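Chemist: Sharing a structure with you now.
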Amino acid sequence: MDIGVELLETLERLFERAKRICLKKGLNEQDAEDCAAEVRLHLLLHLQRGGLISYAYFLHVLRGCLADFWNSQLPTVPLEVADLCGGGSHSPSWN
């Protein structure tokens, strides 16, 4: 599929908008660019598969990329450490 100049300009505008939103959500400059680039790539692949891009779809993709970013920032605890701290050895308090 050949992507026209207008579509490339639209993707660039959406990239800039995604970057601004990411910065407002607290990402640093580099992480905001990475997230915006991921959004642009997802939109481009969607277009190549014959899909259409709406602003709602753009926001849907952006929310997913932001969720992936924040989830990747969560600390993980190895199971051995969790076991040492009593993880998994007690029943939930609501039982």
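In my numbering, the protein residues as written are 1 to 95.
For every residue, glycine included, the Cβ atom is placed at its ideal position computed from N, Cα and C.
These numbers come from a predicted model, not from an experiment.
1) Check for me: the alpha helix (DSSP H) holding Ala-72 runs from which residue to which?
2) Thinking C-beta only, is Phe-58 closer than 8 Å to Leu-14?
3) Specify the secondary structure class of Leu-52 as computed by DSSP and reduced to three states.
4) Leaving out five residues before and five after Ala-32 in sequence, what residues of the same chain have Cβ atoms less than 6 Å from its Cβ?
5) Under a Cβ-count criterion, where at least 16 other Cβ atoms within 10 Å of its own Cβ denotes burial, should Ala-36 be classed as buried or exposed?
Modeler: On the basis of the data shown:
1) One-based indexing of the sequence shown puts residue 72 at position 72. A small fix is needed here, since residue 72 is Ser in this sequence, not Ala. That run of the alpha helix (DSSP H) goes 55-72.
2) Along the sequence shown, one-based indexing puts residue 14 at 14. Along the sequence shown, one-based indexing puts residue 58 at 58. Yes; because the gap between Cβ atoms is below 8 Å, this pair is in contact.
3) Taking the sequence shown and counting its residues from 1, one reaches residue 52 at position 52. The answer is coil: DSSP assigns Leu-52 none of H, G, I, E or B.
4) Along the sequence shown, read from residue 1 onward, the residue named residue 32 stands at position 32. Cβ within range, chain order: Lys-19, Cys-22, Leu-23.
5) Position 36 of the sequence shown holds residue 36. So Ala-36 ends up on the buried side.
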